[in-house]
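Asks:
Protein chains in written order, with the working numbering: chain A, 799 to 1067; chain R, 799 to 1067; chain X, 799 to 1067.
Encoded structure:
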């Protein structure tokens, strides 16, 4: 069998990939985690789907999710289980997974359009400024309570958030864990535009089809102009953040913080 | 006759220039194009007027337009006519005109105040973040549908738009062609403040007179502080964008795209 | 007596310092100036309090003010008195005071939370983007009319304001002296969130206590990620601005401008 057949035979467990006319639709629909949260397996599948879309005739990638949640960030339940096993090793492994996942977004040369269908938390929200156009439903909300998680920012949010919304709002999100409604996220520049839930899918599709009708050379050259100069700075930010995560998660306090956070969440119910 | 007399005798066809007490008022009022759109001749006249204002006792330049339109971007009608003649040569010529026009704004050492009296499209909107204070009437709107034009961004908008309004909004404007009302443009940081059409001219004049009452050394030093560090980055962005324009316009697909765009506009009526 | 005792015995005249559980509360309450405005003595006291907070077990600094005013910028009354004495010497001295004061904020390694209880003018508003989280009461307002003061921007505002709110709004504030309500300042990214005056103090305290409950290593590493890459650029901006202030204040026109400004303020009553 040919390479092509092998690829098309490749089955995903945690995501749904639909090759459409002119674009690739990637939807989070995790079986190995709750609420589309990200563990190394889920991240790997997204990367693989993006690598395929980078090489085929897709003009862009449309990223979304099945269900009422977009992505609730890292899969802390599976992470803490591993972390109690071997703290040093597992924190390095998780930081490496995040680094590669985030670099996939930084280095992607075609436009990434995101349809945020519901809550976007932690890494699920932090990744957005590495994408190009972000449309959200009115029901979506956005939160990056890293300090409460007992961790430092990821997905370059320590670099991108201050540039998108100013330091005052960025710090309130990253340190104080302020939760933004879709409209607030739009006013602060994290989201391009907000649509009513009832027509969200159609509104996104109309706009994606318009984008796909543009010449691919124009889309590629435009993205290169818009992103070219910041790529190195983003890769460095990603590197610094992953080093900080290793230090924090590798320390006894770091693990304590995650346990405290999970305890609070459980007590909250 | 002296150089000074020669200069003051210089007549403009596509712009109106009024030397006022303390500032130079430049108004687009194009005869060689529709809707104050920009061709190499119009751009040249604006540059000449700005060069004069840079050298005389003007403390600032006030840029506006006669009529109900501010500036509808490039003059595609005349451009496509030339492009069909000699694609390579004419695309280089146009890119060179844009580069020089945009550099004139980047390198201008006195404050540039803009009164946006109506629609600002393409290059007419993209140039705004290279100016200093931008006041708009409620009736103005802003659109940079470059991908639909079949071209890549110009006037450093691939550099300035993400910095002004964040990547999500910048990409929606530059790739998806999202049209902003004056209030939306103000909320996103493209415009300083919006005024009612009935009192727009007066509101602008009051504020320009206040600015002109400041010491010229304070205005010059302030602008140097505010712009000094970004000049080189802007010049490089301008250079990269003009190179991309040459590549796109110089290709058969690029010319096709402009023709498609014009066809759609005609069909729209 | 020990060094520690000496320090705790240190009494402030123009500020109130309260070491709380997990943080240091610094409140402007100037005796040597009106409206919490800043002269070299007040700035020195703030620096001393911050140096103490940097070294002790405080996880963050909470900066606020006693009364209904936050900080009305430079103490022009005492400055003009000195300036008429020896213009060159006194303008250098004031610029040096500002440089050191501003660098204290740039280089502070723990989060700085600000509770803006009332008007923030000039240096009192310009310093905010060098802090991390900024909460304001609905009654606060923000103005940096530097050109009207006859001076150039300070506290890195020529660098931070365009990055926080875009060039159009930054220039309107710094050149045209546009006054922002608390809500406007929040929409433009200068402020993190606005609260009702009646519950302002409690809202701030709840959030400060939550921040203080985070591990100090997480707060320190997060701030290092968020600020690390911009420190050198901010120090350079501070340096350039202070050099410009020396040139402007050291000139006869500069002193004239301050006198004109004070005259207008007096005539305004």
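The beta-carbon is built from N, C-alpha and C at its ideal position, and this holds for glycine as well.
List the endpoints of the continuous alpha helix (DSSP H) containing residue 868 (chain A).
Replies: It is not in any alpha helix (DSSP H) - residue 868 (chain A) carries neither H nor E in the DSSP assignment.
Asks: Below 8 Å between beta carbons: does that hold for residue 863 (chain R) and residue 827 (chain R)?
Replies: The answer is yes: Cβ separation under 8 Å.
Asks: Tell me the DSSP secondary structure of residue 949 (chain R) in three-state form.
Replies: In the structure shown, residue 949 (chain R) sits in coil (DSSP, three-state: anything other than H, G, I, E or B).
Asks: Cβ of residue 839 (chain A) within 8 Å of Cβ of residue 830 (chain A)?
Replies: For residue 839 (chain A) and residue 830 (chain A), yes; Cβs fall inside 8 Å.
Asks: Considering only residues of the same chain and omitting the five flanking positions on each side of residue 893 (chain R), which have a CB-CB separation below 8 Å?
Replies: If we look at residue 893 (chain R) and ignore the five residues flanking it on each side, its Cβ neighbours are 1040, 1041, 1043, 1044, 1047.
Asks: Between residue 806 (chain R) and the rest of its own chain, which residues show a CB-CB distance below 7 Å, the 5 nearest in sequence each way excluded?
Replies: The predicted model places residue 806 (chain R) with a pLDDT of 46, which falls under 50 and marks its position as unreliable, so this point remains unresolved.
Asks: So with CB distances below 8 Å, who are the chain X contacts of residue 898 (chain A)?
Replies: Chain X residues near residue 898 (chain A): none, gap ~19 Å exceeds 8 Å.
Asks: I'd like to confirm the pairing. Which residues does DSSP put opposite residue 860 (chain A) in its beta bridges?
Replies: DSSP output for residue 860 (chain A) lists A:823, A:911 as bridge partner(s).
Asks: Taking the C-alpha atoms as reference points, what is the distance between residue 983 (chain A) and residue 841 (chain X)?
Replies: One C-alpha to the other measures close to 36 Å.
Asks: What is the residue span of the beta strand (DSSP E) that residue 813 (chain R) lies within?
Replies: Residues 813-817.
Asks: Mind listing the chain D neighbours of residue 916 (chain X)? Cutoff is C-beta to C-beta under 8 Å, in chain order.
Replies: Included in the structure are the protein chains A, R and X, with no chain D among them.
Asks: Going by DSSP in three states, residue 881 (chain X) sits in which element: helix, strand or coil?
Replies: Three-state result, residue 881 (chain X): helix.
Asks: Of the residues X:1063, X:1064, X:1066, X:1055, which one's Cα is nearest the Cα of residue 882 (chain X)?
Replies: The shortest Cα separation from residue 882 (chain X) among X:1063, X:1064, X:1066, X:1055 belongs to X:1055.
Asks: Going residue by residue through the region 890-934 of chain X, where are the continuous beta strand (DSSP E) segments of at least 3 residues, counting only ones entirely within it?
Replies: DSSP runs (the beta strand (DSSP E)) wholly in the region 890-934 of chain X: 910-914.
Asks: Which of the residues in the region 1041-1053 of chain A, read from start to end, lie with their CB under 7 Å from any CB of chain R?
Replies: The residues in question: there are none.
Asks: Report the residue from X:954, X:1006, X:996 whose alpha carbon sits nearest the alpha carbon of residue 1037 (chain X).
Replies: For residue 1037 (chain X), the nearest C-alpha among the options comes from X:954.
Asks: Under 8 Å between C-beta atoms, does residue 963 (chain X) make it to chain A?
Replies: Yes, residue 963 (chain X) counts as interfacial toward chain A.
Asks: So which residues on chain A does residue 944 (chain R) lean against when the C-beta distance must stay under 8 Å?
Replies: Within chain A, the residues near residue 944 (chain R) are 1016, 1020.
Asks: Between which residues of its own chain and residue 917 (chain A) is the CB-CB distance below 7 Å, once the five residues before and five after are set aside?
Replies: These residues qualify, in order along the chain: 867, 868, 870, 938, 939.
Asks: Would you mind telling me which residues of chain X sit closer than 9 Å to residue 909 (chain R), beta carbon to beta carbon, in chain order?
Replies: In chain order: 969, 973.
Asks: So, are the CB atoms of residue 824 (chain X) and residue 844 (chain X) less than 8 Å apart?
Replies: Going by C-beta atoms, residue 824 (chain X) is nearer than 8 Å to residue 844 (chain X).
Asks: Using a cut-off of 9 Å between C-beta atoms, extract the partners of residue 985 (chain A) located in chain X.
Replies: Those are 985, listed as they occur along chain X.
Asks: Alpha carbon to alpha carbon, how far is residue 888 (chain A) from residue 1053 (chain A)? Give it in angstroms, no decimals.
Replies: Answer to the nearest angstrom: the Cα atoms are 11 Å apart.
Asks: Take the Cβ of residue 1127 (chain A) as the centre, count every other Cβ of all protein chains shown within 10 Å, and call the residue buried at 16 or more, exposed below.
Replies: For chain A, the structure presents residues 799 to 1067; residue 1127 (chain A) sits outside this window and is missing.
Asks: Between the Cα of residue 932 (chain A) and the Cα atoms of A:902, A:849, A:985, A:1031, which residue gives the shortest distance?
Replies: When each option's Cα is compared against that of residue 932 (chain A), the closest is A:985.
Asks: Straight-line CA distance for residue 926 (chain A) to residue 1011 (chain A)?
Replies: Taking the straight line joining both Cα atoms gives about 24 Å.
Asks: For residue 948 (chain X), return the contacting residues in chain R, with the cut-off set at a CB-CB distance below 8 Å.
Replies: The contacting residues are 1012, 1013, 1016.
Asks: Let me check one thing: in DSSP terms, what residues is residue 939 (chain A) bridge-paired to?
Replies: Answer is A:979.
Asks: Would DSSP call residue 1006 (chain X) helix, strand or coil?
Replies: Residue 1006 (chain X): helix per DSSP, three-state reduction.
Asks: Taking C-alpha atoms, which residue in R:816, R:921, R:814 lies nearest to residue 873 (chain R)?
Replies: Selected option, being the one with the closest Cα: R:921.
Asks: Please check if any C-beta of chain X sits within less than 8 Å of the C-beta of residue 863 (chain A).
Replies: False, the Cβ-Cβ gap to chain X never drops below 8 Å.
Asks: By Cβ distance, which residues of its chain are closer than 7 Å to residue 1059 (chain R), with the 5 residues on each side in sequence left out?
Replies: Within the same chain, residue 1059 (chain R) has close Cβ partners 946, 947, 948.
Asks: Work out the CA separation of residue 834 (chain A) and residue 979 (chain A) for me, nearest whole Å.
Replies: Straight-line Cα distance between these residues: approximately 19 Å.
Asks: Cα separation between residue 904 (chain A) and residue 928 (chain A)?
Replies: About 6 Å.
Asks: Taking 8 Å as the cut-off, decide whether the C-beta atoms of residue 941 (chain X) and residue 977 (chain X) are in contact.
Replies: Yes, these two residues count as a Cβ contact at 8 Å.
Asks: If you draw a straight line from the C-alpha of residue 814 (chain X) to the C-alpha of residue 877 (chain X), how long is it?
Replies: Whole-angstrom Cα-Cα distance: 23 Å.
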